[in-house]
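Sequences listed follow chains A and B, in order. All residue numbers for the first sequence refer to our numbering, where the first residue is 1 and numbers rise by one. All residue numbers for the second sequence refer to our numbering, where the first residue is 1 and numbers rise by one. All residues carry an ideal CB built from backbone N, CA and C; glycine is no exception. Predicted model only: the values in this text are computed from it and were never measured.
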Amino acid sequence: KQEVTQIPAALSVPEGENLVLNCSFTDSAIYNLQWFRQDPGKGLTSLLLIQSSQREQTSGRLNASLDKSSGRSTLYIAASQPGDSATYLCAVFDNYGQNFVFGPGTRLSVLP
Amino acid sequence: DGGITQSPKYLFRKEGQNVTLSCEQNLNHDAMYWYRQDPGQGLRLIYYSQIVNDFQKGDIAEGYSVSREKKESFPLTVTSAQKNPTAFYLCASSIDNFGVGRPSGNTIYFGEGSWLTVV
Numbered sequence: 001k002q003e004v005t006q007i008p009a010a011l012s013v014p015e016g017e018n019l020v021l022n023c024s025f026t027d028s029a030i031y032n033l034q035w036f037r038q039d040p041g042k043g044l045t046s047l048l049l050i051q052s053s054q055r056e057q058t059s060g061r062l063n064a065s066l067d068k069s070s071g072r073s074t075l076y077i078a079a080s081q082p083g084d085s086a087t088y089l090c091a092v093f094d095n096y097g098q099n100f101v102f103g104p105g106t107r108l109s110v111l112p
Numbered sequence: 001d002g003g004i005t006q007s008p009k010y011l012f013r014k015e016g017q018n019v020t021l022s023c024e025q026n027l028n029h030d031a032m033y034w035y036r037q038d039p040g041q042g043l044r045l046i047y048y049s050q051i052v053n054d055f056q057k058g059d060i061a062e063g064y065s066v067s068r069e070k071k072e073s074f075p076l077t078v079t080s081a082q083k084n085p086t087a088f089y090l091c092a093s094s095i096d097n098f099g100v101g102r103p104s105g106n107t108i109y110f111g112e113g114s115w116l117t118v119v
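Below is the structure:
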């Protein structure tokens, strides 16, 4: 059964720092991987979608990479801002279960 | 504007009572999902539907029921059999490009969520 983990569980950084969030999955048979942002008490907003054949995707200050063979993805946030404070979740679309499997998230705090 | 609407935002359930959470989407998506989120945990799949009049159990379906009579609507009923229903419930949808029974894994869109509390 596919399992997704995220490290660290929480992260606090000063404004302006570059940072990396990690996502690991146990089964490399995935269709795609997505990174989401969740603000407190809100739904999830999709940030980046990486298909299994791709290595990375970029959107503004965000860059997500995918190493399917090792079961890892990273989300790089450049020049962090207080508005980036939120929980970031990754999810894989599992080929066998044919459904999305979510990690528990990393809670990010960017201090002004 | 296109999107997913969940209602109510906050709901209180008494012991032994069934309650229904509404989810409506105007994105013309074939697939719809219900997830449960507990503090500090990832999302857990309750039920999903890939086409009208068809739905499948997820990982934690016990104590829940759904229907999919219309493409745009996927209500979730939390029954009295669900012994620990207090949680944040999220409805989601995605395009299914591969036809009946084969989800495509495209981007998944979420509603704003509903908080359910047992009183």
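Handout entry: Which of helix, strand or coil DSSP assigns to Lys57(B)
Key = strand
Exercise for the section: Kindly indicate which three-state DSSP category Lys9(B) falls into: helix, strand or coil? Expected result: coil
Problem - Residues of its chain near Gly58(B), where Cβ-Cβ distance is below 7 Å and the 5 sequence neighbours each way are ignored - result: Leu45, Ile46, Tyr47, Tyr48
Practice task
Select from Ser59(A), Gln2(A), Gln34(A), Tyr96(A) the residue whose C-alpha is nearest the C-alpha of Leu89(A).
Solution key: Gln34(A)
Exercise for the section: Answer yes or no: does any C-beta atom of chain B fall closer than 8 Å to that of Gly105(A)? Expected result: Taking Cβ atoms only, chain B reaches closer than 8 Å to Gly105(A), which makes this a yes.
Problem - Beta carbon proximity, Lys42(A) to chain B, threshold 8 Å - result: It does; some Cβ of chain B falls within 8 Å.
Problem - Interface flag, Leu49(A) vs chain B, CB-CB below 8 Å - result: yes
Practice task
Check whether the Cβ of Asn95(A) sits closer than 7 Å to any heavy atom of the ligand COA, and report yes or no.
Solution key: With respect to small molecules bound, the structure shown includes none, and the ligand COA cannot be examined in it.
Handout entry: Below-8 Å beta-carbon distance, Ser24(A) vs any chain B residue
Key = no
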